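J.: Got a structure for you, written out below as structure tokens; questions coming shortly.
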Amino acid sequence: MIQNEREQFHLVVVGHVDHGKSTVIGRLLADTGSLPDGKLDQVRQECARTAKPFEYAFLLDALKAEQAQGITIDTARSFFKSATRDYIIIDAPGHIEFLKNMITGAARAEAAVLIIDAKEGVRENSRRHGTMLSLLGIRQVVVVVNKMDLVDYRQEVFEAIRDEYQAFLARLGIQPLAFLPLAAFHGENLTAPSARMSWFSGPPLLAQIDQFQKEALLEHKPFRLPVQDVYKFTEEGDDRRITAGRIESGQITPGAQVVFYPSQKSAVVKSFEEFNRETPSQWGPGKSAGFTLEPELYVRPGELMTLANERPPAVANRFRANIFWMGKGPLLTGKKYKLKMHTAEAPVWIEEILSVLDASDLSSGTKKQVDQHEVAECILETAKNVAFDLSTDLAPTGRFVLVDEWEIAGGGIILQSLGEEHRLLERHLADRERNWDRSPLTPGLRSGRYGQRSAFVLLSGSDAGELFHLGRALEEKLFLGGRYVYYLGLSSALSGLQADLAGQDDRWEFLRRLGEAAHLFTDAGTILITAVPDLDAEETTFFIRLANPTDLFIVELEAGLGIEPQVNNITRRLQESNILVDWVL
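Quick note on the numbering used here: the sequence shown kicks off at 126 and runs consecutively.
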């Protein structure tokens with residue numbers, strides 16, 4: 126058992142290229158005794174052998190090289206220690222990578238050290254980094270003016286940079302814990318005060334960052350587990366269905382009542398699942414976890430698993446957000462992007478750009494597009510509901526990235542849920558209705574000729590093979606009864622309508638295409654039969670909207686009932702709904 130376990134604190138160090146970020150980190154590792162034994166001497170000897178001037182930044186390069194060779198040193202996150210706690214420095218090779226990692230959960234910074242070169246002063250990237258920290262909700266910041274040795278340790282240089290950057294950060298709502306001068310290469314004002322900067326009365330950097338406050342522990346916040354996948358075992362009598370994901374916040378025990386969002390399906394945690402390991406009585410944040418549920422549920426990746434007795438997440442398809450745009454082309458209203466939020470993915474559109482802020486000078490205005498390195502407040506609409514928290518309530522489930530043409534092009538935080546309102550779909554349906562090239566052969570004329578009204582019969586269930594047999598049998602019965610009917614098999618639909626699609630969110634695009642294809646069939650007076658496994662309530666509503674004004678019949682497989690009885694039941698429903706009428710010549 127570990128006694129007196131030390132506190133860990135996640136810290137990110139950011140700064141413009143060549144402003145000394147790696148030197149600051151390397152010197153902190155060296156001066157706090159946090160390097161592997163002999164590593165500093167080894168790097169010095171290597172520099173002497175190759176006639177290269179020694180740089181503390183080389184320490185990070187050496188550690189990364191060892192990591193690449195499989196040596197067990199974690200340098201994607203470098204560690205150093207103070208007298209009070211252990212620090213994990215998150216590697217931020219550039220603001221794009223850091224933003225992506227922060228939003229997707231790969232990095233979890235609680236505070237930041239922002240570095241500015243005393244000789245070069247505040248640069249554009251310095252301002253962008255400040256904007257990025259504000260966007261991510263990182264309010265604990267220490268600003269370091271590094272390389273003071275290059276300006277002869279002059280107080281007026283430090284104060285000019287401090288005043289300029291402090292005014293900039295104030296406009297972002299960031300009040301730094303401190304500004305401090307530093308000469309990292311010489312270790313001045315790093316772990317001890319500098320005699321050359323006696324005009325500075327504040328503590329050195331290490332003591333300063335020890336004053337950062339640990340954020341409220343995630344285990345004390347509502348339980349959130351974004352579902353990563355569901356595994357179904359079928360061999361050797363093992364019929365478990367394991368729901369898996371990474372716990373972002375809160376704690377959970379076996380027997381807990383859980384609810385999944387957006388589906389609102391509920392169950393009880395039957396067991397924790399570990400591979401060749403004794404399972405604990407409780408799991409908390411950071412744990413990659415697997416559960417069995419009672420009853421077994423079919424849930425999809427992207428759902429949020431929560432505790433029934435805690436605050437639920439928001440569920441919506443419209444929300445207001447701040448977006449930091451990094452794409453090569455502008456962010457545009459009406460263009461389709463891909464939203465990635467925790468494990469959820471969905472097609473998304475920018476409904477409205479409310480305001481635009483230039484990240485480098487904070488000039489703001491209204492624009493019809495968002496250009497690279499601008500921050501915009503926007504209203505977004507997704508094709509389907511997603512579950513999330515406001516970033517101020519629970520950051521890990523309140524952040525997202527936007528993908529444009531296979532590349533992460535922007536990141537954002539959710540400010541406000543705007544509920545469920547499918548405005549884009551309604552506009553599309555209105556446009557479709559307005560632009561539809563109507564035949565003079567009206568639905569009434571076709572009904573009189575065919576002896577039927579058009580209909581869309583949608584079969585659903587978890588057994589794809591059973592769906593296929595039911596669809597074929599229903600098609601045959603109606604055809605032999607003289608009906609104009611067509612069964613669009615799932616494999617036919619997938620190989621045609623979905624041939625260019627790949628990815629979790631593309632199910633929704635496939636359903637949209639299927640709904641549009643069904644509209645063509647039913648406009649011609651046909652009874653169309655098709656199957657979609659495991660339809661949920663939201664997808665059913667989506668199909669009802671797309672099928673309108675055609676009658677839509679959702680048919681769930683009935684376990685244990687044979688194909689013929691189910692075919693007869695469906696035929697009876699069609700007759701009772703006056704879909705199957707007498708021939709009129």
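All C-beta atoms, glycine included, are put in the ideal place defined by N, C-alpha and C.
Note that the coordinates shown come from a computational prediction; the quantities given were computed from them, not determined experimentally.
By DSSP's criteria, S396 is part of a beta bridge. Which residues make up the other side?
T.: Looking at the DSSP output, S396 sits in a beta bridge with T417.
J.: CA-CA distance, T197 and D631?
T.: Low confidence applies here, because T197 scores a pLDDT of 29, under 50, leaving its location unreliable and the question unanswered by this model.
J.: Buried or exposed: which applies to I688, given that a residue is buried once 16 or more other Cβ atoms fall within 10 Å of its Cβ?
T.: exposed
J.: Name the two residues that bound the continuous alpha helix (DSSP H) containing S259.
T.: Segment E249 to L260, the alpha helix (DSSP H) holding S259.
J.: Along the alpha helix (DSSP H) that carries R349, what are the first and last residues, could you check?
T.: Note, R349: premise wrong, no alpha helix (DSSP H); not H, not E.
J.: Going along the chain, which residues of its own chain have a beta-carbon closer than 7 angstroms to the beta-carbon of D483, five neighbours each way excluded?
T.: So the list reads E499, once near-sequence residues are dropped.
J.: When we look at the beta-carbon of N447 and count the other beta-carbons within 10 Å, is it buried (16 or more) or exposed?
T.: Using a 10 angstroms sphere on the CB of N447, the tally of other CB atoms reaches 16 or more, which defines it as buried.
J.: Assign F444 to one of two classes, buried (16 or more other C-beta atoms within 10 Å of its C-beta) or exposed (fewer than that).
T.: In summary, F444 is buried, with 16 or more beta-carbon neighbours lying within 10 Å of its beta-carbon over all protein chains present.
J.: Which residues does DSSP list as the beta-bridge partners of M430?
T.: L350 and F385
J.: Return the chain-ordered list of same chain residues with a C-beta closer than 7 angstroms to the C-beta of A332, the five sequence neighbours on each side being excluded.
T.: Sequence-distant partners of A332 (beyond 5 residues in either direction) whose C-beta falls short of 7 angstroms from its own C-beta are missing from its chain.
J.: In chain order, what residues of the same chain lie with their CB nearer than 8 angstroms to the CB of L592, ignoring the 5 residues before and after it?
T.: L584, S585, G586, L615, A656, P658 and L682
J.: If you draw a straight line from the alpha carbon of N703 to that of A642, how long is it in whole angstroms?
T.: 23 angstroms
J.: Since L671 contacts G650 with CB under 8 angstroms, what's their CB separation in whole angstroms?
T.: 18 angstroms between Cβ atoms; not a contact.
J.: Between the Cα of P674 and those of T647, I478 and N694, spot the shortest distance and give me the residue it belongs to.
T.: T647
J.: Which residues in the same chain as L705 place their Cβ atom closer than 6 angstroms to its Cβ, once the five residues preceding and following it in sequence are excluded?
T.: Q577 and L699
J.: Do the stretch 399 to 413 and the stretch 356 to 363 touch if we need at least three Cβ pairs shorter than 8 angstroms?
T.: Below 8 angstroms, too few C-beta pairs join the stretch 399 to 413 and the stretch 356 to 363 to call them touching: fewer than three.
J.: Run through DSSP, which three-state label would Q133 get?
T.: strand
J.: So, using beta-carbon positions, are L294 and V276 closer together than 9 angstroms?
T.: no
J.: Is it buried or exposed, L603, if we count other Cβ atoms within 10 angstroms and call 16 or more buried?
T.: buried
J.: Given a cut-off of 9 angstroms on the beta-carbon distance, is the pair G536 and R524 in contact?
T.: Closer than 9 angstroms, so yes.
J.: What are the start and end residues of the beta strand (DSSP E) that includes V268?
T.: V266 to N271
J.: Could you name the residues of the same chain whose beta carbon sits closer than 6 angstroms to that of V692, not counting the 5 residues immediately before and after it, in chain order?
T.: A598, L599 and K602
J.: Please classify A237: does DSSP put it in a helix, a strand, or coil?
T.: strand
J.: Am I right that K146 and I215 are in contact with their C-beta atoms under 8 angstroms? What's the rounded C-beta distance?
T.: That belief does not hold up - the Cβ atoms of K146 and I215 are roughly 12 angstroms apart, past 8 angstroms.
J.: From the DSSP output, read off the bridge partner residues of S480.
T.: Bridge partners of S480: E502.
J.: Three-state secondary structure (DSSP) at Q629?
T.: Its pLDDT being 49, under 50, Q629 is placed unreliably in this model, and the value from its coordinates should be taken loosely. Assigned with DSSP and collapsed to three states, Q629 falls in coil, not helix or strand.
J.: Please go through the same chain and pick out, in chain order, the residues whose beta-carbon is closer than 6 angstroms to the beta-carbon of G427, but skip the five residues on each side of it.
T.: T468 and A469
J.: Between D588, I679 and Y609, which has its C-alpha nearest G573's C-alpha?
T.: Y609
J.: In terms of alpha-carbon separation, which member of K492, L653, E701 and E435 lies closest to Q612?
T.: In the sequence as presented, Gln is not what sits at residue 612; that position holds Tyr. Nearest option by C-alpha distance: L653.
J.: Around the C-beta of D661, are 16 or more other C-beta atoms found within 10 angstroms, so that it is buried, or is it exposed?
T.: buried
J.: Could you give the distance in angstroms between the alpha-carbon of D143 and the alpha-carbon of L315?
T.: 18 angstroms
J.: Is the beta carbon of E313 less than 9 angstroms from the beta carbon of N442?
T.: no
J.: Across the stretch 372 to 384 and the stretch 405 to 421, are there enough close Cβ pairs to call them in contact, namely three or more that are closer than 8 angstroms?
T.: yes
J.: Would a C-beta distance cut-off of 9 angstroms place A520 and L261 closer than the cut-off?
T.: yes
J.: Alpha carbon to alpha carbon, how far is T209 from A317?
T.: 16 angstroms
J.: Which of helix, strand or coil does DSSP assign to L660?
T.: coil
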